[in-house]
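Have a look at the structure below before the remarks.
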Amino acid sequence: MAPPQGGTLFARNIALLGGWSHRTVPLILIVTPPGYGKTSLMRSGYQWHCRRGDPVAWLTLTAADNHPPTLLKALCQALGVPPCDSLEILLTERAAMIPRVVLFLDNVEELCSRNAIALLEQLLTQHPPGWSLVMAARCEPALPLARWVFDDQLQRLDSSQLLLGAAELDRLLPSSLGAAERNLWQQLRQQMEGWPLPLMYGLRALRSDQLSGVEELREQLAPLLEHYFESLLQRSCSAEERQLLTLVALLDSVSASQLDALRGRPHSGPLLESLRRRNLFLEPHEGSDGNYRLLAPLRTFLHQRFLCRHPDQAVMCYRRAMRLFRRQGCLEEVVRYALLGQEYRQAATLMAEYGHELVRRRGDHHRLLSWIDRLPTTVRQQVPQLGALFAWSLAFTNRVKESEQIVAEVASACNQPVLQSQLEAQRCVNAALADALTEAGRLSEAWLLCWSDAGAMETGTVLCVSAFALLHQGHASVALRRLDRAQQWFRQESSAYGLSWVALLRAMVQLAQDDYLNVLSDTAALLNNEGPLPADQKDTLEQVLVLRAAAQLAQSDGNAARATLSRVRPGLELHATVDVAALWYGAQVGLAMWDGADPQPIFQQGLALAARRGLQRLSWQLQVERVLRGLSQDFLTLPNRCESRLLTLRAQCARLRQPDNDQPPSLPRGSEVGRLSVLLAGALAAQCRGQSAVALSTVAQALEQVANHGGLQCLRDEASLQPLYQRLADEGNASPPVTALLAQLLDAPPHSSSGLLTVQEQRILEHLANGERNGDIAGRLHISEGTVKWHLHNMYRKLDAATRTQAVARARALRLV
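According to the numbering used here, the sequence shown holds residues 251 to 1067 in order.
Structure, rendered in structure tokens:
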């Protein structure tokens, strides 16, 4: 007896038959819902054995085979042996005629009588050694499967192994399809949750040129699936079971007790279990306790059918579900069903109540935005607190301009002090996310003075904004103190999302301070879920990965940096903050230079992105990085030379002397600091290349910049330019303000390391000269004692010293302190 005729699942079946093809076990059982290709898979195996010349037999079971004599007769006919009166005769006398065979049994679920199942169990247990049996069923037969699996007698394939994966679908698609159409096919695969039946229909149509593309398939697929599901449910389910499946489809995920309450009758549990055992696309919902869900295509079909036929009943069902989940305290479900039940005012009030937990503590912005999109605008405007949460989520999903509009709208409609403090905090956040760091710093300082009695989340958020602004003004120590205070507020509020900001900003400060060891250790803790990073915050996780890669490159570990960046999704730089985007481009440039490739195209991409997004500070940072990379093409392989500091000179060029108190001094505006950084970078690069005229002209421009906008300490920190300052003073052609600046620069003692030591090493050297111990130095600089020891080791080598005393003596001889 041959298998039924029909199309196959192409070459995918052979890959699934690995263990079976090599006969590692004598029994194979395939258990999946309809449409997963059980019969096609067995047909492919049947044909594979025929090509090898193996003896094969096929039997498709029916309801008539529940009569044991009928089943025995069918087995003899399939095997091609004379009929017999008992299975013992078939397995002894008749088996001698066919010592080796592969027997395929399809539709095993048709056997439901006790005697027929007992006959099948005897066949599977006592079959001759040369026989292999392959079975397919929609649900597990009443056989001792666990015992056979334990004894390595049975291999079981289920629906998870027959799903159509992304790579497999891409291989099966015709080569003529373009990238856009392939992407649409992958989206369709996700919508179908990998269910092979509709995708195979589409593949056959594409291969026979019946369809021009996936869009036409979408149009034809709906009636096809509707007919398939209608016939399947009519054939396999009672009316009560169909009603139960419809309720499961309406509610997506539901438990038996909840169905009892919604239906107003008991015993939903046994019906659900019966449907699950029959494998009618019903399965336990992962991540829930006792809930069930349907396969997406069947769920969509039942949901749309019920809405079309009974729209009023659907609304009433959603409202009953809303009341049920409210009694159970499931606020997310209450909001969802309130929206579906068109109870918009109640949904808006619940969003405002629950939004603080959802958005500010957990950072689930996209869920709140999806809810608000379904609210009428007039309803949303009637709940000001929801407007504040709406502005918050818009800002953190890169929609800052829309957030500013909502803030202005809510502020004009409500004068509540608590809400006003939240809106002012939102303005601080918007300024920071829009890269207006000077404005963000001013707003955050004013907020901290005016709203000292505000909530913990608002206070912690504004402290983070303040720290972010201070970091980019060169005040790392003050920024760290602000972050410590923010951390206390977020812990008080139990906000994992807020704590993740603190952790991310702290890593950025450590990177700016050359504290690479702490960056690596802290980011490792975050990535290993030992820190406060929420598991569902992919954007934050990827920013942590970029920081870690930057630290690895700074320590000349290009291979580790490449592995770290491989975990970042493509396109992160398109929506990341300016600093993360700059670090991302810097890491890409570092890897290009590590490989000996030309980094200029990467710089051009970054500058184009900065122009497109209007990010002037990113443009300055990339220009600084590009100029400084010309100092040495091999600095990544020489991490202990002075050129290694160029990985973080973007921050060092603009860094001013750190104050001892918690109040920031007056600083030049951010764009002026960026321009001064570029000018200093150009002067350093020209000086190293021996272009003295260019270096002198560039320093003159930097002096004019400082005379107009401030930032004298930036010039003092680059003492390697001291000879150029002297030449300009000797020429006597400078303007009076520049002449006054030159006098201050030439009279002041050099503060930096003249290129020999990094800025961090210079700071440690100054504390070392005062006789301070490693622990004291670490406490003053907000770094770990291990990092201090690492910097000391580098200093000893650069100064050719073996002890602390020798290092200080050598530094004084070189006028470094």
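Glycine is no exception: its CB is placed at the ideal position from the N, C-alpha and C atoms. Here the structure is a predicted model, which means the values were calculated and not measured.
Nearest-angstrom Cα separation, counted from Arg439 out to Val358 = 29 angstroms
With a threshold of 16 other CB atoms inside 10 Å of the CB of Asn529, please say whether the residue is buried or exposed.
buried
Self-check item: DSSP-derived helix/strand/coil call for Leu355
Solution: strand
(Q) In the DSSP output, which residue or residues are listed as bridge partners for Leu625? (A) Answer is none; Leu625 lacks a bridge partner.
| Which residues bound the alpha helix (DSSP H) around Ser488? | That residue, Ser488, is in no alpha helix (DSSP H); it is neither H nor E in DSSP.
Per the DSSP calculation, Met707 is bridged to which residue(s)?
Partner(s): none; Met707 has no beta bridge.
- Query: Just reading off the beta strand (DSSP E) that Asp408 is part of, what are its end residues?
  - Reply: Leu404 to Asp408
- Query: In whole angstroms, what separates the C-alpha of Ala861 from that of Leu795?
  - Reply: 25 angstroms
Query raised in the report: Can at least three beta-carbon pairs, one atom from the stretch 395-406 and one from the stretch 274-289, be found at a separation below 8 angstroms?
Result: yes
For this session: Take every Cβ of the stretch 538-557, pair it with every Cβ of the stretch 292-305, and state whether three or more of those distances are shorter than 8 angstroms.
Result: no
Which residues DSSP lists as bridging Arg543, in chain order = Glu533
**Study point:** Residue from Ala1019, Leu1018 and Val956 with nearest C-alpha to Val988
**Key:** Val956
In this structure, does DSSP put Ala387 in helix, strand or coil?
strand
- Message: Taking 8 angstroms as the threshold (C-beta atoms), are Ala571 and Leu501 in contact?
- Response: yes
To the nearest whole angstrom, what separates the beta carbons of Leu733 and Leu761, a pair I think is in contact under 8 angstroms? Actually they are not in contact, since the Cβ atoms of Leu733 and Leu761 sit about 14 angstroms apart, beyond 8 angstroms.
* Residue nearest to Met758 in terms of C-alpha spacing, selected from Asn778, Leu721 and Ala696 -> Leu721
Any idea what DSSP makes of Ser694, helix, strand or coil? helix
Legend entry - Nearest-angstrom Cβ-Cβ length linking Val1150 and Leu865, presumed shorter than 8 angstroms: In the structure displayed, the chain extends from 251 to 1067; residue 1150 sits before or after that span and is not available.
Inset, instruction - Indicate whether the contact test is met: 3 or more Cβ pairs, each with one atom in the stretch 375-383 and one in the stretch 337-353, closer than 8 angstroms. - result: yes
Item to check | Residue nearest to Arg543 in terms of C-alpha spacing, selected from Trp308, Ala499 and Gly808 | outcome: Ala499
State the Cα-Cα distance for the pair Gly285 and Gln763, rounded to the nearest angstrom. 60 angstroms
### Query
Looking only at DSSP bridge pairs, what is Leu309 linked to?
Leu355
Worksheet item: So, helix, strand or coil for Leu1015, using DSSP?
Response: helix
Check: Quick one: what's Ser382 bridged to in DSSP?
Finding: Val352
Taking the beta carbon of Ser1003 as the centre, do at least 16 other beta carbons fall within 10 Å, making it buried, or is it exposed? For Ser1003, the predicted structure reports a pLDDT of 41, less than 50, and the residue's modelled location is therefore unreliable. A value from the coordinates is still provided. Buried, since its Cβ has 16 or more Cβ neighbours within 10 Å.
By DSSP's criteria, Ile280 is part of a beta bridge. Which residues make up the other side?
Ala386 and Leu407
**Item:** Cβ neighbours of Gln376 in the same chain (closer than 6 angstroms, five flanking residues each side left out)
**Value:** Leu341
- Message: Using DSSP's beta-bridge definition, name the partner residues of Ser505.
- Response: Asn541
Check your understanding: In terms of residues, what are the limits of the alpha helix (DSSP H) holding Gly519?
Key -> Ser518 to Arg527
_DSSP-derived helix/strand/coil call for Gln493_ = helix
Own chain, CB closer than 8 angstroms to Cys527, minus 5 neighbours either side, in chain order:
One point to set straight first is that residue 527 is Arg, not Cys, in the sequence displayed. Only Cys389 and Glu390 meet the Cβ criterion.
- Message: Classify Glu469: buried if its beta carbon has 16 or more other beta carbons within 10 angstroms, exposed otherwise.
- Response: exposed
Checklist entry - Helix, strand or coil: which one does DSSP assign to Pro973? => result helix
Q: Would you kindly report the start and end of the unbroken alpha helix (DSSP H) that includes Asn433?
A: Ala429 to Gln441
Worksheet item: Is the stretch 764-772 touching the stretch 734-742 in the sense that three or more CB pairs, one from each, lie closer than 8 angstroms?
Response: no
Could you tell me how far apart the beta carbons of Glu659 and Gly637 are, in whole angstroms, since I believe they sit closer than 8 angstroms? 7 angstroms
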